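Colleague: What follows is a single structure, and I will ask about it in a moment.
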Ligand SMILES: Nc1ncnc2c1ncn2[C@@H]1O[C@H](COP(=O)(O)OP(=O)(O)OP(=O)(O)O)[C@@H](O)[C@H]1O
Ligand SMILES: [Mg+2]
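In our numbering, the protein residues as written are 127 to 623.
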C-alpha cells in the first residue's frame, strides 16, 4: 500500500482542489470507521457519489476458491444483480490479475460485455473496477458503471478511486485486525472460563489447572470418585468442591472419617440400626447413607475400613440399597459416593488388605491431587491466603521468605504450610514476618540455627512441646520445668497479640 502511494506522488499533483477536499472528508470518515459492514457501505456510497456513477457494487473476493460474492449494491434491482455480476466478472478478473483499478470505456462496442442483458437495458457506457486490499492481497472490488446518456468515466475518476482504494484498504486493515483481536479475546476468555477455579481451593499452577478441569467435568456426573493424594494435599476440600459443583449441590453432603473407628461403631453410623439390634439400641436410627439420600456421601480414609464392612459397602455401590443393623428390610437409596485415601489401594488389594472388587468399584474416576512440592508455584498464593486467614489482614511476603518456603519439600503438604505459617505469625513480634519465623522441620532438628529473639524462641519451644505432647499442658509443663499456670499465661499472651 505504502509502495502504491509512493509511486503515485507525481500523480497527486493532477488531483483537483475540490477532489482533495473530498479526499479529506473520506480520510476522516475512514479513520473513524470501526465496523467492516459500515466501512463497505460508506465506501460504496462515496465511490458512487464522487465519480457520479449510475450504479455501484461491492464484491468480496474469496482468495481460496477464486470466487466473488456481492456484499453491497447501489441502484441495482435484485433481478439484475445476477446478470450484472456475470458481465462484470471479466472486469473483476482484470482487476484481480492487474492488482489495480481498471476502466472500460464504451462497453457497448465490446462484444464480450455488450451481450449482457443489463448492459443493454441500462445502456451502460463505461465501467470502472477498483481493488480493495488486505495484507497486500485483493480483499474485494468496487464496481461502478455509468449510462450512455451521461458522461463517461475519466482517467481522473480512475486515479481518484485508486486513492480511495488505498485509504479504504488501510481502514480495512485496521478493522480486520481489530476484529481478529476481538475474536482472539473471546476465545481466550472462553479458555479462561474453561479453567474455572475449584471452590475454596487456592492455586493456579498447571497441575491445579488440570485438577480443576477434571473436578468440573466429573462433578456434572454421578460417577463414583476416588480422590488420591498424600496427606494434607486437599482431598477433603476436593470432595466438597465436587458436591458444590454438582447438580446435587442443593442436597445433603455428608462425610464420614473411616480411620481408626471401631468396626461396629462405623457400621452403625453408616447403615443405621433397628431398635434392639444391640445393647443400647433403644430406638431405630437412620444411618448416614440414608440421611445422605439424593445427595453426596464422602468416605474419608477408605483404606482403613475392615474387610467385612468393605463387603457391605460393595453392596451399597452395586445395588444402591442398604439394610439397617438388626433389620431385614432393604432400603433403596440414591447416593453419590466420593472416597479418599492417601494409601495405594491397588497395592493393598494385591496383599488382600482391600477387596479387589471394591477397589474397581471405587476406582471409576480416580483423581490424584499432586503434592505441594510438585506445584511450588502455588506456594506464594497459598501463603498469602493463610496469612490473611490467621492475621485478618493482607500481609506481604518478602522474597527471602518465599525462597525459604519454595525450597522446602513439604512432606505434610498444604496442611503443613498452613500450620507453619500460623506458627510463624505467633512467633513474629512485629507485623513484619521474617525468614526466622518460618520454622521448617530441618530447622527444628538444629535449634542452634534459631535466629529470632529470646522471646520468639520461648514461644517456639512452647508450641513445639505442646505439639509433641498432643496439647497436654501438664506433660508440657513437666518437660519444660515450668508450671501449668505459666503455660496458660504464655498462651493467653500469644492469643492477645
Ligand atoms: N488448595 C488449597 N487451598 C486452600 N487450602 C487448602 C488447599 N489444599 C488444602 N488446603 C487446606 O489444607 C488443609 C488440609 O486439607 P485437607 O484436609 O483437604 O487435606 P487431605 O488431603 O484430606 O489430608 P489428609 O489426607 O491428611 O486427610 C485444610 O485446612 C485445607 O483447608
Ligand atoms: Mg482428609
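Using N, Cα and C, we set each Cβ at its ideal position, and we do this for glycine too. Small disclaimer: the values here were computed from a predicted structure and weren't measured.
State whether the region 254-267 contacts the region 289-308, with contact taken as three or more CB pairs (one from each stretch) at a distance under 8 Å.
Modeller: A contact exists between the region 254-267 and the region 289-308.
Colleague: By DSSP, does residue 176 sit in helix, in strand, or in coil?
Modeller: Correct three-state label for residue 176: helix.
Colleague: Go ahead and pull the three-state DSSP assignment for residue 461.
Modeller: If DSSP states are grouped into helix, strand and coil, residue 461 belongs with coil.
Colleague: Taking the alpha helix (DSSP H) that residue 494 belongs to, which residues open and close that run?
Modeller: No alpha helix (DSSP H) contains residue 494, which is instead part of the beta strand (DSSP E) from 491-494.
Colleague: Is residue 590 helix, strand or coil when you go by DSSP?
Modeller: Helix.
Colleague: How is residue 467 classed by DSSP in three states: helix, strand or coil?
Modeller: Three-state DSSP puts residue 467 in a strand.
Colleague: When the Cα of residue 429 is compared with those of 268, 383, 160 and 302, which residue comes out closest?
Modeller: Among 268, 383, 160 and 302, the Cα nearest to that of residue 429 is on 383.
Colleague: Name the two residues that bound the continuous beta strand (DSSP E) containing residue 417.
Modeller: Here residue 417 belongs to no beta strand (DSSP E); instead the alpha helix (DSSP H) covers 414-417.
Colleague: How many angstroms separate the CA atom of residue 610 from the CA atom of residue 590?
Modeller: Roughly 16 Å separates the two Cα atoms.
Colleague: Looking only at DSSP bridge pairs, what is residue 438 linked to?
Modeller: Paired residue(s): none; residue 438 is not in a bridge.
Colleague: Which of the three DSSP states, helix, strand or coil, is assigned to residue 537?
Modeller: In the structure shown, residue 537 sits in coil (DSSP, three-state: anything other than H, G, I, E or B).
Colleague: Mapping the DSSP letters down to three states, classify residue 287 as helix, strand or coil.
Modeller: Here residue 287 sits in helix by DSSP.
Colleague: Any heavy atom of ligand 2 closer than 6 Å to the CB of residue 430?
Modeller: It does not: the Cβ of residue 430 is nowhere closer than 6 Å to a heavy atom of ligand 2.
Colleague: Would DSSP call residue 559 helix, strand or coil?
Modeller: In this structure, residue 559 counts as coil in the three-state DSSP scheme.
Colleague: Quick one: grab the DSSP three-state call for residue 189.
Modeller: Three-state DSSP puts residue 189 in coil, outside helix and strand.
Colleague: Residue 341: which of 602, 365, 332 and 355 sits nearest, CA to CA?
Modeller: With distances taken between Cα atoms, residue 341 lies closest to 365.
Colleague: Looking at ligand 2, does it come within less than 6 Å of residue 326, judged from the CB to the closest heavy atom?
Modeller: Result no, Cβ not under 6 Å from ligand 2.
Colleague: Nearest by alpha-carbon distance to residue 161: which of 300, 516 and 250 is it?
Modeller: It is 300 whose Cα lies nearest to the Cα of residue 161.
Colleague: With a threshold of 6 Å (Cβ to nearest heavy atom), would residue 335 be considered close to ligand 1?
Modeller: For ligand 1, not one heavy atom lies less than 6 Å from the Cβ of residue 335.
Colleague: Report the option in 254, 542 and 156 whose CA atom is closest to the CA atom of residue 177.
Modeller: The candidate whose alpha carbon is nearest that of residue 177 is 254.
Colleague: Which residue wins for smallest C-alpha separation from residue 468, given the options 441, 496 and 529?
Modeller: Checked all of 441, 496 and 529; the closest Cα to residue 468 is 496.
Colleague: Is the CB-CB distance between residue 297 and residue 498 below 7 Å?
Modeller: No. Outside cutoff.
Colleague: Compute the Euclidean distance between the alpha carbons of residue 338 and residue 418, then round it to the nearest angstrom.
Modeller: Looking at the two C-alpha atoms, the distance is approximately 25 Å.
Colleague: Near residue 489, which residues of its chain fall below 6 Å by C-beta distance, leaving aside the five closest residues on each side in sequence?
Modeller: Result list for residue 489: 352, in chain order.
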